[in-house]
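J.: Before we start, here is the structure in question, set down as structure tokens.
In our numbering, the protein residues as written are 71 to 1007.
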């Protein structure tokens, strides 16, 4: 069997069921088993397929391709050969190999989280399905479905493949995962739609992974596997390449610079040593110096410190309701320049609240928040009693009785069971004194005509109890729905007493007011009633929806979250542009955006239809000028993200549906909704909002900036110290001191303990006061940008000069005639001075401009604990015999230890003097500036 002549996957909704069956060479009785088997060979199984992925072993192997780890491996091998040749225990080589292995495992743990978005997609597919094959109903594996199969659907099942409906009986399908729309869709197989119909409007199709809520249906399978809408999303997810985060790029750059610089310095030292001796007599000594320099230049503790810092950042973010799924995203958040946010539930409360009520004669404002029936109805600012206006009284009763939702109270908390729109109507009825439960005791609903997308209205018939104090006729029909359609069925309006004839002028006024309310962003419903006497309430009640009595209009709004406006102001102050992307009407989007400060009056609003007609180049030129996108389908988000990134923006994107997954993965920071989000969107994201709140994104961005500041802070501390170590080691053979001052094992101790522990404490430094008052730093800036590189070199040179000065004196002192100790004690003094000097450096590194005495010591008690701990450990190393022997150290006398402390303190004094100079310079430029008030990192 050749390939079937099928139309494109986006055209099935334009065809009749008969035409679709003919094109697929099928029939209502389904395929024969032999036909199904042949088609299975052509189209393959009905399942999502994974693209090429790295195995765990490949991920682990890739960790050891890091240039710094490669250099350490080479150093360890050379050290092993030297130790074995001399018959010694290769403790240096073992220690280096252990560090290499530890760093490799850390890298593996960060990268080994397999891509789970596709697995979450697969979980949305049904394992078993009921089909008709050759006229016989049977149950088969869903992956055995092929185009042309006929599938039976019923409530509670997942749709197993994309298909054209052949028949349906009250079939309602939840498609929120694909379209983002929470309400169930009523399917209508008899429709023929235009080709450009949006995915959510194709009421004659069903899609794989969606859920049947009510009714039954028969479906002709048109697309399977990777050609379904889910498959298309899976393809998009796999096509989005994961770019290294800014931190990963900076660490790669740092490694290249350090290794290159180290090799150049090693070459200079070896050449200088050989030139000084004129022969190879010192070659072994120069080789040992080179090994020590190579170990000193690599910040072995840095990966661990960064990992712990990011982990601490994730813990702080969880407290602010943001769950970080990928560690590097913590730092990446600090570079965000644009936040693209959904409207419903993120910028708004996802709680409809009635704002205005308009009868023919009066206009009222409603006060109160959420679904609590607490508040007032105001006319001209004054509270009124609904009983004074018969039209308002009847309208509020209609709000409570023409309603399928329920409000529940638990203490002071009111929760909604049902549709948000109907919840808002119950709340406003309660504010007017018409409680749903109390009304339910006075009357019974005896008939109804449900809402449909064609009717756009709902009617109920209620019968009052005989003994109830009922203000209306014994039997009443209440109708609500589209204001225009309800008004068409009205012949009178509720006056002060009896209904009065509805004039054309009044009709025009009602419609004008309806348009005015809609243009201000309100969702508007019209209400009517009719005294009736239905003999058969279970029969067709639609004919009764004529000659209704107009009651009025109710306008409601999904109110903005009160904290979001302040968060938007914080965004703009921090140089971050907020952008709203919503599927709502442009007028609603405009009203909310202007209320929150995201857009200004007169700003351009781009709709999904307009976006679809823009080329990629045109969209790239448009996105810098658009802050609100309305009527946007989820698949448009990917194009918006890509266009912003092409403009150099660093984008955070929110989403909750399956269709959002490609955009979430493409964004620099993908943010899924924790409450309303699907598993697929969460797996594709970097961060999950536990409260679905825009303000949480801003709080997480602030935390990201703090993390990045602290990473720069401890990097300059660690590498400044490492440069000092390298220069000190390099100076020894040039000075002709006859030995290497530091062994690889001692350097590892410094890099892991006396550098690592204070570096972790620096990662706990609190936020600077201006952290959200400066623009985001360029995510593509070098790790050495904004003076960090010059600081490291300057501090490294100062540390080296001080230590080399001590080294020269200590060498002469310990090698002088009559010295009572070991002549190699000078090496222990150099080692101790370097370690202790780094403690002063750690205290000074807390701020570039403020003196340590000007900083609150309690704002970061960890740094003081780290300094005391590492100083104590260093002293233990000297005076505990087992430790001293293992590290090759000699106990120092009290005077020698005092000299080491004295030289070390000079490092701290130098850095504090630098800050005084900076403060004086800043005060000359800005005379009114307080000491150290400017933050420079």
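All C-beta atoms in this analysis are idealised placements derived from N, C-alpha and C, irrespective of residue type, glycine included.
Hey, would you say residue 593 sits closer than 9 Å to residue 556, going by beta carbons?
T.: On the chain shown, residue 593 is found 523 positions in, with the first residue counted as 1. On the chain shown, residue 556 is found 486 positions in, with the first residue counted as 1. Taking 9 Å as the Cβ cut-off, residue 593 and residue 556 do not qualify as a contacting pair.
J.: Taking only runs that begin and end inside the stretch 660 to 733, name each unbroken beta strand (DSSP E) of 3 or more residues, in chain order.
T.: Here the runs fully enclosed are 675 to 677, 698 to 700, 721 to 725.
J.: Within the continuous alpha helix (DSSP H) that includes residue 484, where are the two ends?
T.: Translated into positions along the chain shown, residue 484 becomes position 414. Segment 483 to 487 is the beta strand (DSSP E) holding residue 484; no alpha helix (DSSP H) there.
J.: Judging by CA-CA distance, which residue of 390, 540, 320, 882 is the nearest neighbour of residue 893?
T.: Within the chain shown, numbered from 1, the residue matching residue 893 stands at position 823. Nearest of 390, 540, 320, 882 to residue 893, Cα basis: 882.
J.: Given 8 Å as the limit, is there contact between the stretch 382 to 400 and the stretch 790 to 800, that is, 3 or more CB pairs closer than that?
T.: They do not touch, by the three-pair rule.
J.: How would you label residue 683, buried or exposed, when you count the other beta carbons within 10 angstroms and need 16 or more for buried?
T.: Position 613 of the chain shown, counted from the first residue, corresponds to residue 683. Counting Cβ neighbours within 10 Å, residue 683 comes out exposed, since fewer than 16 surround it.
J.: Could you give the distance in angstroms between the alpha-carbon of residue 184 and the alpha-carbon of residue 278?
T.: To locate residue 184, count along the chain shown from 1; it is residue 114. To locate residue 278, count along the chain shown from 1; it is residue 208. Below a pLDDT of 50, predicted positions are generally treated as unreliable, and residue 184, at 45, falls in that range; no measurement from the model is reported.
J.: Would you identify the three-state DSSP class for residue 513, choosing helix, strand or coil?
T.: Position 443 of the chain shown, counted from the first residue, corresponds to residue 513. Residue 513: strand per DSSP, three-state reduction.
J.: Pick helix, strand or coil for residue 127, following the three-state DSSP scheme.
T.: As a first step, residue 127 is located in the chain shown; it is residue number 57 there, counting from the start. Reduced to three states, the DSSP call for residue 127 is helix.
J.: Check this for me: beta carbons of residue 379 and residue 781, under 9 Å apart or not?
T.: Here residue 379 refers to the residue found at position 309 of the chain shown. Here residue 781 refers to the residue found at position 711 of the chain shown. Yes, Cβ-Cβ distance for residue 379 and residue 781 is below 9 Å.
J.: Entirely within the stretch 573 to 646 and at least 4 residues each: give me those alpha helix (DSSP H) ranges in chain order.
T.: Whole alpha helix (DSSP H) segments, 4+ residues: 574 to 589, 634 to 643.
J.: Taking the alpha helix (DSSP H) that residue 850 belongs to, which residues open and close that run?
T.: The residue given as residue 850 occupies position 780 in the chain shown. No alpha helix (DSSP H) holds residue 850; DSSP gives it neither H nor E.
J.: Under three-state DSSP, which class holds residue 394?
T.: Against the chain shown, residue 394 aligns to sequence position 324. Looking at residue 394 - three-state DSSP - the assignment turns out to be strand.
J.: Is residue 39 near residue 208, with beta carbons less than 9 Å apart?
T.: The structure shown has nothing for residue 39, since the chain only spans 71 to 1007.
J.: From 840, 910, 699, 805, pick the residue whose C-alpha is nearest to that of residue 788; which is it?
T.: The count along the chain shown starts at 1 and reaches residue 788 at position 718. Considering only alpha carbons, the answer is 910.
J.: Could you give the distance in angstroms between the alpha-carbon of residue 457 and the alpha-carbon of residue 601?
T.: Here the question's residue 457 lines up with position 387 in the chain shown. Here the question's residue 601 lines up with position 531 in the chain shown. Cα to Cα, residue 457 sits roughly 19 Å from residue 601.
J.: At a cut of 8 Å, does the stretch 312 to 321 reach the stretch 269 to 276 through at least three beta carbon pairs?
T.: Counting Cβ pairs under 8 Å, fewer than three are found: no touch.
J.: Report back the beta-carbon spacing between residue 87 and residue 234 to the nearest angstrom; my notes put them in contact at under 8 Å.
T.: As a position in the chain shown, residue 87 is number 17, starting the count at 1. As a position in the chain shown, residue 234 is number 164, starting the count at 1. Their Cβ separation, rounded to whole angstroms, is 6 Å, which keeps residue 87 and residue 234 in contact under 8 Å.
J.: Hey, how far is the Cα of residue 405 from the Cα of residue 716?
T.: Counted from its first residue, the chain shown places residue 405 at position 335. Counted from its first residue, the chain shown places residue 716 at position 646. Going by the C-alpha atoms only, they are around 16 Å apart.
J.: Please confirm whether residue 161 and residue 812 have their CB atoms less than 9 Å apart.
T.: Residue numbering aside, residue 161 sits at position 91 when the chain shown is read from its first letter. Residue numbering aside, residue 812 sits at position 742 when the chain shown is read from its first letter. Not closer than 9 Å, so no.
J.: What are the start and end residues of the alpha helix (DSSP H) that includes residue 977?
T.: Numbered from 1 along the chain shown, position 907 holds the residue referred to as residue 977. Run containing residue 977: 964 to 995, per the alpha helix (DSSP H) assignment.
J.: Taking the beta strand (DSSP E) that residue 202 falls in, what are its first and last residues?
T.: Along the chain shown, read from residue 1 onward, the residue named residue 202 stands at position 132. Residues 198 to 203.
J.: Are there 16 or more other CB atoms within 10 angstroms of the CB of residue 995, so buried, or fewer, so exposed?
T.: The count along the chain shown starts at 1 and reaches residue 995 at position 925. By the neighbour-count rule (16 or more Cβ atoms within 10 Å), residue 995 is not buried but exposed.
J.: Under 9 Å, do residue 884 and residue 959 count as touching if we go by C-beta distance?
T.: Along the chain shown, read from residue 1 onward, the residue named residue 884 stands at position 814. Along the chain shown, read from residue 1 onward, the residue named residue 959 stands at position 889. No, the Cβ-Cβ distance between residue 884 and residue 959 is not below 9 Å.
J.: Can you tell which of 929, 902, 466 has its C-alpha closest to the C-alpha of residue 946?
T.: Within the chain shown, numbered from 1, the residue matching residue 946 stands at position 876. Answer by Cα proximity: 902.
J.: Can you give the Cα-Cα distance for residue 874 and residue 707, rounded to whole angstroms?
T.: Mapped onto the chain shown, residue 874 falls at position 804. Mapped onto the chain shown, residue 707 falls at position 637. Going by the C-alpha atoms only, they are around 59 Å apart.
J.: Could you please give me the residues that DSSP links to residue 434 through a beta bridge?
T.: Taking the chain shown and counting its residues from 1, the one referred to as residue 434 is at position 364. Answer is 427.
J.: Applying the 10 Å Cβ sphere with the 16-neighbour rule, what's the burial state of residue 482?
T.: In the chain shown, the residue the question calls residue 482 occupies position 412. Residue 482 comes out exposed.
J.: Taking only three categories from DSSP, how would you classify residue 84?
T.: The count along the chain shown starts at 1 and reaches residue 84 at position 14. Correct three-state label for residue 84: helix.
J.: Going by CA-CA distance only, name the one from 381, 701, 484, 617 that's closest to residue 176.
T.: By one-based count along the chain shown, residue 176 stands at place 106. Here the closest residue by C-alpha is 381.
J.: Over what stretch of residues does the alpha helix (DSSP H) that includes residue 804 continue unbroken?
T.: Along the chain shown, one-based indexing puts residue 804 at 734. Where residue 804 is concerned, the enclosing alpha helix (DSSP H) stretches over 764 to 805.
J.: Let me make sure I understand the geometry here. Which of 991, 570, 412, 112 has the alpha-carbon closest to that of residue 767?
T.: Residue mapping note: residue 767 aligns to position 697 of the chain shown, counting from 1. Cα-wise, what sits closest to residue 767 is 412.
J.: Go through its chain and collect everything with a Cβ distance to residue 468's Cβ below 7 Å, but skip five positions before and after it.
T.: Stepping through the chain shown from its first residue, residue 468 is reached at position 398. Answer for residue 468: 548, 550, 597, 599, 621, listed in chain order.
J.: With C-beta atoms as the reference, is residue 478 less than 9 Å away from residue 487?
T.: As a first step, residue 478 must be located in the chain shown, where it is residue number 408. As a first step, residue 487 must be located in the chain shown, where it is residue number 417. It is a contact, given that the beta carbons lie within the stated cut-off.
J.: Suppose the cutoff is 7 Å on Cβ atoms and the five residues either side in sequence are ignored; what does the same chain contact list for residue 656 look like?
T.: Here the question's residue 656 lines up with position 586 in the chain shown. Cβ neighbours of residue 656 beyond the five flanking positions: 675, 677, 700, 701.
J.: Helix, strand or coil for residue 550 per DSSP?
T.: Position 480 of the chain shown, counted from the start, is the residue given in the question as residue 550. Residue 550 falls in the strand class under three-state DSSP.
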